[in-house]
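Asker: In this note's numbering, the protein residues as written are -9 to 310. For each residue, glycine too, the CB sits at the ideal point set by N, CA and C. All values derive from a computational prediction rather than experimental measurement.
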Amino acid sequence: RIVKPKVIVTRRWPTEVEDRLTAEFDTRLNETDQPYDRRELRAALEEADAVLPTVTDKISADMLEGGIRAKILGNFGVGFNHIDTAAATKVGLVVTNTPGVLTDATADLAMTLLLMCARRAGEGERELRAGKWTGWRPTHLCGSHVTGKTVGIIGMGRIGQAVARRCHFGFGMDVVFFDSHSIAGLDVPARQLPSVDDVLATADFVSLHCPGGGENYHLIDDDRLACMKWSAFLINTARGDVVDEHALVRALETRRIAGAGLDVFEGEPRVPGRLAERQDVVLLPHLGSATKETRVAMGMRVIENLKAFFSGRSPPDAVC
Ligand code: 8YV
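1) Could you tell me whether the Cβ atoms of residue 97 and residue 149 are closer together than 8 Å?
2) Return the bridge partner residues of residue 168 from the DSSP annotation.
3) What are the complete alpha helix (DSSP H) segments, minimum 4 residues, inside the region 186 to 229?
4) With burial defined as no fewer than 16 other Cβ atoms inside 10 Å of the residue's Cβ, what is the status of residue 194: buried or exposed?
5) With distances taken between CB atoms, is the gap from residue 208 to residue 144 smaller than 8 Å?
6) Counting Cβ pairs, one atom from each stretch, are 3 or more of them under 8 Å apart for the region 156 to 170 and the region 75 to 89?
7) Alpha carbons only, please: which of 196, 128, 187, 20 is nearest the one belonging to residue 139?
8) Determine the contact status of residue 59 and residue 36, defining contact as a CB-CB distance below 8 Å.
9) Is the beta carbon of residue 44 within less than 7 Å of some heavy atom of the ligand 8YV?
10) Who are the near neighbours of residue 187 in its chain, counting only those whose CB is closer than 8 Å to its CB and skipping five residues on each side?
11) For residue 238, which option in 228, 227, 250, 229 has the closest C-alpha, if you only look at C-alpha atoms?
12) Please report the Cβ distance between residue 152 and residue 165, rounded to the nearest whole angstrom; I am assuming they are in contact, meaning their Cβ atoms lie under 8 Å.
13) For residue 40, write down the residues that DSSP places opposite it in a beta bridge.
14) Can you check which of these residues, 191, 281, 101, is closest to residue 159 by C-alpha distance?
15) Please report the Cβ distance between residue 163 and residue 136, rounded to the nearest whole angstrom; I am assuming they are in contact, meaning their Cβ atoms lie under 8 Å.
16) Any heavy atom of the ligand 8YV closer than 7 Å to the beta-carbon of residue 276?
17) Taking 7 Å as the line, does the beta carbon of residue 68 fall inside it for any heavy atom of the ligand 8YV?
18) What's the C-alpha gap between residue 9 and residue 309?
19) Here's a check: name, in chain order, each residue in its chain whose Cβ is nearer than 6 Å to the Cβ of residue 104, leaving out the five neighbours to either side.
20) Which of the three DSSP states, helix, strand or coil, is assigned to residue 182?
21) Name the one or two DSSP bridge partners that residue 273 has.
22) Look at the alpha carbon of residue 27 and the alpha carbon of residue 189, and state the distance between them as a whole number of angstroms.
23) Less than 8 Å separating the beta-carbons of residue 34 and residue 41?
24) Any heavy atom of the ligand 8YV closer than 7 Å to the CB of residue 316?
25) With DSSP run on the structure shown, which of helix, strand or coil describes residue 246?
26) Measure from the alpha carbon of residue 235 to the alpha carbon of each residue in 202, 220, 210, then state which is nearest.
27) Within the same chain, show all residues whose beta-carbon is closer than 8 Å to that of residue -6, passing over the 5 residues directly before and after it, in chain order.
28) Return the Cβ separation of residue 289 and residue 4 in integer angstroms, given the expectation that the two are a contact with Cβ distance under 8 Å.
29) Closest by CA to residue 115, which one among 247, 223, 269, 82?
30) Quickly, what does DSSP pair residue 16 with across the bridge? List them, please.
31) Over the uninterrupted alpha helix (DSSP H) stretch that includes residue 79, give me the two end residues.
32) Does residue 91 come out as helix, strand or coil in the three-state DSSP assignment?
33) Tell me which same chain residues have a C-beta within less than 6 Å of the C-beta of residue 295, skipping the five on either side of it?
34) How should residue 124 be labelled, buried or exposed, when 16 other C-beta atoms within 10 angstroms of its C-beta is the threshold for buried?
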């Protein structure tokens, strides 16, 4: 009899993915969908051959010390800054992510935020629902034009490029970007600028697509916000900690920038009250990859990685 690897899934996943996991592995699902606390996460690492975490599972170095059974973490998501990969490598733990399958959904959500900011869609909807719409008038809720404006992309990976294509081919925008690597062979006209500050100073819409944590922690701080045009908007579908939220509140309160569209927050699900009370921000609850199709594709991608690993092949999406 072949003994199936033991797999622990920390949250509820789409049914078809859970069914496939259950068929392929000795799988323990989390029926409650409540995030595991530190003790439960540690227990999972001690009990299973594979643990499948999400962005709500912080896996720190101390959690991996002192002997664990897990050999692989199949992360449900492309971003993995909630996992200490250096510590994982030290204990021989492989970590995989889900690149590619969530590119379009996340780029679409960045465009949603960009357009909602530009066209004051959140403000308008709140006004209408509150019964405060008094009727059409020529100067009512006029926003910013998008066509002909410049989008500045920080981090020109898969998602950054997908946003660039949408902005350029879909909305007639110019594209500038910063990336710490030199990016060649783009399929969209876009100008790489030498620094983040150059992009901030040039763009009418700044969209963040770099990883969180590490060197990008509070990349957008008071000084960086001061580089932006007063008429510009900041869009963040990357990670909350890339932006110093207190600096952002200051920039909005002093009209240093025109507005912001945020899908991610440093202490999510907590959102600073001074942000939530503002009309010039659009706030979404981390919906970047949240389409049914994408969430299924993400789960299936995790399974592909597990199958490769447990059959002795190298998983296609190993990040360490
Ligand atoms: C996920 C994400 O919703 O992939 C990412 O990095 O932020 C989102 O797609 C989240 O990470 C789920 O773990």
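Answerer: Answer, in terms of the structure:
1) yes
2) 144
3) Qualifying alpha helix (DSSP H) stretches, in chain order: 186 to 192, 212 to 217.
4) buried
5) no
6) no
7) 196
8) Inclusion of residue 59 and residue 36 in the CB contact set at 8 Å is warranted, their separation being smaller than that value.
9) yes
10) 214, 217
11) 250
12) That pair is no contact at about 12 Å.
13) -3, 62
14) 101
15) 7 Å
16) yes
17) yes
18) 26 Å
19) 195, 225
20) strand
21) Beta-bridge analysis with DSSP links residue 273 to 252.
22) 40 Å
23) Against a cut-off of 8 Å, the Cβ pair of residue 41 and residue 34 comes out as a contact.
24) Look at the range of the chain in this structure, -9 to 310, and you will see that residue 316 is not part of it.
25) coil
26) 210
27) 14, 15, 16
28) 6 Å
29) That would be 269, whose Cα lies nearest to the Cα of residue 115.
30) -4, per the DSSP bridge assignment.
31) 75 to 80
32) coil
33) Closer than 6 Å at the Cβ level, and outside the excluded window around residue 295, lie 64, 86, 305, 307.
34) exposed
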